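Structure first, commentary second.
Numbering (the working numbering), first residue to last: 1 to 218.
Structure, rendered in C-alpha coordinates:
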(Lines of atoms letter the chains of each structure in order from A and count residues from 1; the text may use other names and numbers.)
(Lines give C-alpha, C1' and ligand atoms only; values in the text may rest on other atoms or scores of the structure.)
Protein backbone atom coordinates (compact mmCIF):
# COMPACT_ATOMS: atom_id res chain seq x y z
CA UNK A 1 0.00 0.00 0.00
CA UNK A 2 1.48 3.39 -0.94
CA UNK A 3 2.05 5.80 1.95
CA UNK A 4 -0.44 8.32 0.54
CA UNK A 5 -3.22 5.75 0.85
CA UNK A 6 -2.65 4.83 4.49
CA UNK A 7 -5.37 6.32 6.67
CA UNK A 8 -7.00 8.17 3.77
CA UNK A 9 -10.76 8.57 3.46
CA UNK A 10 -11.83 6.81 0.26
CA UNK A 11 -14.92 7.90 -1.66
CA UNK A 12 -16.26 5.28 -4.07
CA UNK A 13 -18.10 6.31 -7.23
CA UNK A 14 -20.13 4.03 -9.49
CA UNK A 15 -19.66 6.21 -12.58
CA UNK A 16 -22.92 5.59 -14.48
CA UNK A 17 -25.09 6.39 -11.44
CA UNK A 18 -23.24 9.28 -9.80
CA UNK A 19 -23.77 12.51 -11.77
CA UNK A 20 -24.19 13.47 -15.42
CA UNK A 21 -23.25 16.64 -17.26
CA UNK A 22 -24.66 16.91 -20.79
CA UNK A 23 -25.86 14.04 -22.93
CA UNK A 24 -23.73 10.93 -23.43
CA UNK A 25 -21.95 10.36 -26.73
CA UNK A 26 -23.20 6.97 -27.84
CA UNK A 27 -20.70 6.59 -30.69
CA UNK A 28 -18.99 3.23 -30.33
CA UNK A 29 -21.16 2.06 -27.43
CA UNK A 30 -21.44 -1.74 -27.36
CA UNK A 31 -24.93 -2.88 -28.34
CA UNK A 32 -27.63 -3.48 -27.38
CA UNK A 33 -28.22 -0.87 -24.69
CA UNK A 34 -30.85 1.51 -23.37
CA UNK A 35 -30.44 4.97 -21.85
CA UNK A 36 -32.94 6.15 -19.27
CA UNK A 37 -34.69 9.42 -20.08
CA UNK A 38 -34.93 10.44 -16.43
CA UNK A 39 -32.41 10.09 -13.60
CA UNK A 40 -35.00 8.78 -11.11
CA UNK A 41 -36.33 5.94 -13.24
CA UNK A 42 -36.13 2.38 -11.93
CA UNK A 43 -33.18 0.22 -12.91
CA UNK A 44 -33.98 -2.52 -15.45
CA UNK A 45 -33.25 -5.36 -13.05
CA UNK A 46 -35.62 -8.02 -14.34
CA UNK A 47 -34.28 -10.91 -16.45
CA UNK A 48 -35.08 -11.09 -20.16
CA UNK A 49 -37.59 -13.60 -21.52
CA UNK A 50 -34.80 -16.17 -21.85
CA UNK A 51 -33.56 -15.59 -18.28
CA UNK A 52 -30.59 -13.31 -18.96
CA UNK A 53 -29.70 -10.39 -16.69
CA UNK A 54 -27.96 -8.00 -19.08
CA UNK A 55 -27.24 -4.92 -16.94
CA UNK A 56 -27.19 -2.87 -20.14
CA UNK A 57 -29.39 0.06 -19.10
CA UNK A 58 -27.57 3.33 -18.52
CA UNK A 59 -28.29 6.62 -16.77
CA UNK A 60 -25.44 8.56 -18.36
CA UNK A 61 -23.19 9.46 -15.44
CA UNK A 62 -19.84 10.63 -16.80
CA UNK A 63 -16.37 12.05 -16.09
CA UNK A 64 -17.61 15.61 -16.48
CA UNK A 65 -20.29 14.88 -13.90
CA UNK A 66 -17.68 13.70 -11.40
CA UNK A 67 -15.55 16.77 -12.12
CA UNK A 68 -18.51 19.04 -11.45
CA UNK A 69 -19.00 17.41 -8.04
CA UNK A 70 -15.33 17.53 -7.02
CA UNK A 71 -15.82 20.38 -4.55
CA UNK A 72 -18.55 18.35 -2.86
CA UNK A 73 -16.28 15.29 -2.71
CA UNK A 74 -13.44 17.39 -1.27
CA UNK A 75 -15.78 18.87 1.35
CA UNK A 76 -16.17 15.40 2.85
CA UNK A 77 -12.46 15.22 3.70
CA UNK A 78 -11.78 12.68 0.97
CA UNK A 79 -8.17 11.79 0.15
CA UNK A 80 -8.81 9.14 -2.49
CA UNK A 81 -11.45 8.98 -5.20
CA UNK A 82 -12.01 5.34 -6.19
CA UNK A 83 -13.89 4.69 -9.43
CA UNK A 84 -15.54 1.42 -10.38
CA UNK A 85 -14.51 0.28 -13.89
CA UNK A 86 -14.35 2.93 -16.61
CA UNK A 87 -13.12 1.00 -19.66
CA UNK A 88 -15.30 0.39 -22.70
CA UNK A 89 -17.74 -2.38 -21.75
CA UNK A 90 -21.15 -3.80 -22.56
CA UNK A 91 -22.73 -3.41 -19.13
CA UNK A 92 -23.39 -0.46 -16.86
CA UNK A 93 -21.20 -1.99 -14.13
CA UNK A 94 -18.35 -2.35 -16.65
CA UNK A 95 -16.77 -5.38 -15.03
CA UNK A 96 -17.06 -7.13 -18.41
CA UNK A 97 -14.19 -5.21 -19.99
CA UNK A 98 -14.33 -4.78 -23.76
CA UNK A 99 -11.18 -2.69 -24.26
CA UNK A 100 -8.87 -1.93 -21.33
CA UNK A 101 -7.25 1.12 -22.92
CA UNK A 102 -10.40 2.89 -24.14
CA UNK A 103 -12.75 4.80 -21.82
CA UNK A 104 -16.38 3.86 -22.22
CA UNK A 105 -17.90 6.33 -24.71
CA UNK A 106 -20.76 7.14 -22.36
CA UNK A 107 -18.28 8.31 -19.72
CA UNK A 108 -16.44 10.63 -22.06
CA UNK A 109 -13.02 10.94 -23.65
CA UNK A 110 -9.47 10.52 -22.41
CA UNK A 111 -9.33 14.33 -22.20
CA UNK A 112 -12.43 14.31 -19.97
CA UNK A 113 -10.76 11.73 -17.74
CA UNK A 114 -7.55 13.77 -17.55
CA UNK A 115 -9.56 16.89 -16.65
CA UNK A 116 -11.27 14.96 -13.86
CA UNK A 117 -7.92 13.81 -12.48
CA UNK A 118 -6.55 17.35 -12.56
CA UNK A 119 -9.61 18.61 -10.69
CA UNK A 120 -9.03 15.94 -8.05
CA UNK A 121 -5.31 16.66 -7.75
CA UNK A 122 -5.96 20.39 -7.41
CA UNK A 123 -7.91 19.51 -4.24
CA UNK A 124 -5.33 17.08 -2.89
CA UNK A 125 -7.31 14.00 -3.94
CA UNK A 126 -5.72 10.93 -5.54
CA UNK A 127 -7.59 8.89 -8.16
CA UNK A 128 -7.64 5.09 -7.93
CA UNK A 129 -9.13 2.92 -10.68
CA UNK A 130 -10.66 -0.53 -10.48
CA UNK A 131 -8.23 -2.99 -12.04
CA UNK A 132 -10.48 -5.70 -13.49
CA UNK A 133 -7.86 -8.26 -14.40
CA UNK A 134 -9.31 -11.59 -13.27
CA UNK A 135 -11.84 -11.81 -16.09
CA UNK A 136 -12.78 -10.04 -19.33
CA UNK A 137 -16.04 -9.54 -21.19
CA UNK A 138 -16.85 -12.12 -23.84
CA UNK A 139 -17.75 -9.15 -26.07
CA UNK A 140 -14.24 -7.74 -26.08
CA UNK A 141 -11.23 -6.98 -28.21
CA UNK A 142 -9.49 -9.99 -26.65
CA UNK A 143 -12.17 -12.72 -26.65
CA UNK A 144 -14.50 -11.26 -29.31
CA UNK A 145 -17.23 -13.87 -29.01
CA UNK A 146 -19.72 -11.67 -30.85
CA UNK A 147 -17.31 -10.57 -33.58
CA UNK A 148 -17.83 -6.94 -32.57
CA UNK A 149 -14.18 -5.95 -32.65
CA UNK A 150 -11.71 -6.04 -35.55
CA UNK A 151 -9.09 -8.76 -35.60
CA UNK A 152 -9.23 -12.27 -34.19
CA UNK A 153 -10.12 -12.81 -30.54
CA UNK A 154 -9.47 -16.03 -28.66
CA UNK A 155 -13.01 -17.26 -29.37
CA UNK A 156 -12.50 -16.88 -33.11
CA UNK A 157 -9.04 -18.30 -33.61
CA UNK A 158 -6.64 -20.48 -31.66
CA UNK A 159 -3.90 -18.48 -33.37
CA UNK A 160 -5.14 -15.27 -31.75
CA UNK A 161 -2.46 -13.38 -29.78
CA UNK A 162 -4.87 -13.55 -26.83
CA UNK A 163 -5.53 -17.32 -26.90
CA UNK A 164 -3.13 -18.13 -24.06
CA UNK A 165 -5.00 -15.72 -21.79
CA UNK A 166 -7.88 -18.19 -21.44
CA UNK A 167 -8.59 -21.79 -20.47
CA UNK A 168 -10.73 -23.62 -23.03
CA UNK A 169 -12.15 -27.00 -22.08
CA UNK A 170 -13.45 -27.51 -25.63
CA UNK A 171 -12.61 -24.66 -27.99
CA UNK A 172 -14.40 -22.43 -28.63
CA UNK A 173 -17.68 -22.93 -26.81
CA UNK A 174 -16.58 -24.33 -23.44
CA UNK A 175 -14.22 -22.23 -21.35
CA UNK A 176 -13.43 -21.26 -17.80
CA UNK A 177 -15.44 -18.25 -16.64
CA UNK A 178 -16.11 -16.23 -13.52
CA UNK A 179 -18.75 -18.05 -11.44
CA UNK A 180 -19.76 -19.82 -14.68
CA UNK A 181 -21.08 -16.64 -16.30
CA UNK A 182 -20.16 -17.26 -19.94
CA UNK A 183 -20.06 -13.49 -20.56
CA UNK A 184 -17.05 -13.26 -18.18
CA UNK A 185 -14.26 -15.59 -19.38
CA UNK A 186 -11.58 -15.94 -16.72
CA UNK A 187 -8.01 -14.86 -17.46
CA UNK A 188 -4.83 -16.84 -16.81
CA UNK A 189 -3.41 -13.96 -14.82
CA UNK A 190 0.21 -15.16 -14.84
CA UNK A 191 0.31 -15.63 -18.61
CA UNK A 192 3.40 -13.72 -19.81
CA UNK A 193 1.53 -12.07 -22.67
CA UNK A 194 -1.22 -10.90 -20.34
CA UNK A 195 1.29 -9.55 -17.81
CA UNK A 196 3.07 -7.65 -20.58
CA UNK A 197 -0.18 -6.15 -21.83
CA UNK A 198 -1.49 -5.14 -18.42
CA UNK A 199 1.68 -4.20 -16.52
CA UNK A 200 5.08 -4.70 -18.10
CA UNK A 201 4.97 -3.14 -21.57
CA UNK A 202 5.91 0.49 -21.97
CA UNK A 203 2.39 1.15 -23.27
CA UNK A 204 0.69 -1.27 -20.84
CA UNK A 205 -2.83 -0.72 -19.54
CA UNK A 206 -1.50 0.48 -16.20
CA UNK A 207 0.97 2.87 -17.85
CA UNK A 208 -1.76 4.19 -20.14
CA UNK A 209 -4.05 5.32 -17.32
CA UNK A 210 -1.23 6.56 -15.10
CA UNK A 211 -0.06 8.83 -17.91
CA UNK A 212 -3.60 10.24 -18.16
CA UNK A 213 -3.64 11.11 -14.46
CA UNK A 214 -4.62 8.05 -12.42
CA UNK A 215 -2.60 7.48 -9.25
CA UNK A 216 -3.17 3.80 -8.61
CA UNK A 217 -5.31 0.71 -8.98
CA UNK A 218 -7.39 -1.52 -6.77
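Glycine residues also receive a C-beta, built at the ideal position from the N, C-alpha and C atoms.
Keep in mind it's a predicted model, so treat the numbers as computed, not measured.
- Counting only the Cα atoms, residue 175 lies some 8 Å from residue 182.
- Residue range 110 to 122 is occupied by the alpha helix (DSSP H) that includes residue 122.
- By the C-beta density criterion, residue 170 is exposed, having fewer than 16 other C-beta atoms within 10 angstroms.
- Residue burial annotation: residue 155 is buried, with at least 16 other C-beta atoms found within 10 angstroms of its C-beta.
- For residue 188, the closest alpha carbon among the candidates 142, 74, 126 is that of 142.
- According to the DSSP secondary-structure assignment, residue 126 is paired through a beta bridge with 80.
- Annotated three-state conformation of residue 19 is coil, per DSSP.
- Taking residue 158 as the centre and dropping the five residues before and after it, the same chain places the C-beta of 171 closer than 7 Å to its C-beta, in chain order.
- At the C-beta level, residue 62 and residue 92 stay beyond 9 Å of one another.
- A direct Cα-to-Cα measurement between residue 204 and residue 84 gives close to 19 Å.
- Around the Cβ of residue 128, a 10 Å sphere holds 16 or more other Cβ atoms; the residue is buried.
- Around the beta-carbon of residue 81, 16 or more other beta-carbon atoms lie within 10 Å, marking it buried.
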